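Sequential numbering from 10 applies to the sequence shown in the working numbering. Where is the CB? At the ideal position from N, CA and C, for every residue including glycine. Keep in mind the model is a prediction, meaning the values are calculated, not measured.
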Amino acid sequence: MAYIVLPRKYRPQNFDEVVGQTHVTQTLKNAVQTGKIYHAYLFSGPRGIGKTSTARILAKCLNCEKGMTPNPCGKCTMCREITEGTSIDILEIDAASHTQVDKARDLIEKVKFTSGSARYKMYIIDEVHMLSDASFNALLKTIEEPPPNVVFVLATTAPHHVPQTILSRCQWFVFKRISTKDIMTHLRKLSNLEGIQISESSLYAIARYAEGSLRDAEVSLDQIVSFSGNEVKDEDVNALLGIIRADFFRNFFEGLFKADVPSVIGLINEIINSGYEIEDFIKGLQEYIRNLIVLKDGISEVTETNLSLVDMPEEDVKELKAKSNLFSEEELVWMLDVVYQTQRDLRQFGMRGQERLILELMAIRLAKRGFRISGKPGATEKKQQSPEIVQTQKIQGPPVLKDVLGTARRVVETRTPSQLREKEPYSVPAHTKELDIGQIL
Ligand SMILES: [Zn+2]
């Protein structure tokens, strides 16, 4: 038997199977139930999230031989022909395909003269914003005076490029990116059905990589399984998708927390030598710090808000939340700033083959929280005698950590509220600004 790729095999066949678009499917179900069918619908949203699948399901709802129904039987000739894409009454036009430009206009102009066996004839125009001006004019004329029992479904990833005259005559549905959690649930179900053994962390990696597109997630899983067979290893997933391992960032931040410079530089070298995209690494860092800041809310339990703001499985959120307590809010905001500055430096100087040095300097700054690169070691040493630091010595942890965190805390706490208002909202010791990578290079 010929192999059917996962996205095709598991294409949703009724509204309940459409993942993550309940706001659309529920409205369409009601419309079918009450018989209030529009002549033109606009489905907008990113690719691979179910726009054309939903259009086909709507076609089945309208044309099922058992009568108009929000739950088409899927077995009658009409339903089967629509599923297989062989129905002469359901026409799919890809406006992005050059070969179909003239065909699109021709088809639209002839809409009123055609008739078939279906209750409703449906025209699904994918990437409708790519239609030529002539086709748009033909389309506008048709939907201004629509022939009875013809439904247009216009799908697009760029609704702002669809003329206003068309938009105003459509019922518009905005399809959402699908959450990582929903994609994971779908992939898990699909893996069970296919007998694929895969870990939760791999499912998470694939779901994240798909960035809200269910189809992309299914394609990735398909590729991974064809490479590694039905027993999927985490290493294979990371290698095939080119994803930096989740535990990499965990280790990196552990190194930063301990101010362990050799360890963080070792990790930087691992990234460079493994051939990962440096931009991905920087984005990963930004996201990791962003999540630490978001989770730092003074509540020990993982809350619903935490889960909604950090798109991760609950276990990972719990672990990250514990980690967020290792750093002060000021430190985290400052770290984010350093990473952004590094991103700018990489864009400006990276082409000269300086990536390694730029990243290493960033790691050192982050590990030392900038304090040790001041060029004024005397000043720092003197301040370490202050009573506040003695108090922070009670914190458990390696000695170097006490110094770094102690210094950080002192800088924050010794400023009065009025001073805080005058300065920037987070505390970056003035001397850290002396390190300008541009000048060094
Ligand atoms: Zn049917």
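Any heavy atom of ligand 1 closer than 8 Å to the CB of residue 125? no
Please go through the same chain and pick out, in chain order, the residues whose beta-carbon is closer than 8 Å to the beta-carbon of residue 86, but skip the five residues on each side of it. 74
Just checking residue 83 against ligand 1 - is the residue's beta carbon closer than 8 Å to any of the ligand's heavy atoms? yes
If I measure Cβ to Cβ from residue 387 and keep anything under 7 Å in the same chain, skipping five residues before and after, which residues do I get? At residue 387 the pLDDT is 34, less than 50, meaning the model places this residue with poor confidence; the figure from the coordinates comes in the next sentence. Closer than 7 Å at the Cβ level, and outside the excluded window around residue 387, lies no residue.
Distance between beta carbons of residue 79 and residue 70, contact taken as under 8 Å: 6 Å
Leaving aside the five residues before and after residue 130 along the sequence, list all residues of the same chain whose C-beta is less than 6 Å from its C-beta, in chain order. 98 and 159
Where do the N-terminal and C-terminal ends of the beta strand (DSSP E) with residue 101 fall, by residue? 99–103
Quick check on the DSSP output: what are the complete alpha helix (DSSP H) runs of length 4 or more inside the stretch 13–48, in order along the chain? 15–18 and 31–43
Report the residue ranges of all alpha helix (DSSP H) runs contained in full by the stretch 252–333; include only those spanning at least 4 residues, in chain order. 255–266, 270–282, 287–304, 313–318 and 323–333
Among 54, 259 and 43, the one whose alpha carbon lies nearest that of residue 5: Residue 5 is absent from the structure shown; the chain starts at 10 and stops at 450.
If I follow the unbroken beta strand (DSSP E) through residue 164, where does it start and stop? 159–165
Cα-Cα, which of 167, 121, 90 and 181 is closest to residue 139? 167
Identify the continuous alpha helix (DSSP H) that holds residue 192 and give its terminal residues. 189–203
Between which two residues does the alpha helix (DSSP H) holding residue 373 run? 364–376
Beta-carbon proximity check, residue 369 vs residue 277, cutoff 9 Å: yes
Residue 93 Cβ short of 8 Å to ligand 1 heavy atom set: no
What three-state label does DSSP hand residue 145 in the structure shown? helix
Could you compute how far the alpha carbon of residue 327 sits from the alpha carbon of residue 262? 16 Å
Which one of 249, 225, 101 and 224 has the shortest CA to CA distance from residue 235? 249
Straight-line CA distance for residue 280 to residue 17? 36 Å
How many angstroms separate the CA atom of residue 224 from the CA atom of residue 82? 24 Å
Which residues does DSSP pair with residue 181 in a beta bridge? 51
Could you check the C-alpha separation between residue 23 and residue 155 for me, to the nearest Å? 27 Å
In terms of alpha-carbon separation, which member of 94, 311 and 267 lies closest to residue 378? 267
Opening and closing residue of the alpha helix (DSSP H) in which residue 77 lies: Neither: residue 77 is in no alpha helix (DSSP H) and is coded neither H nor E.
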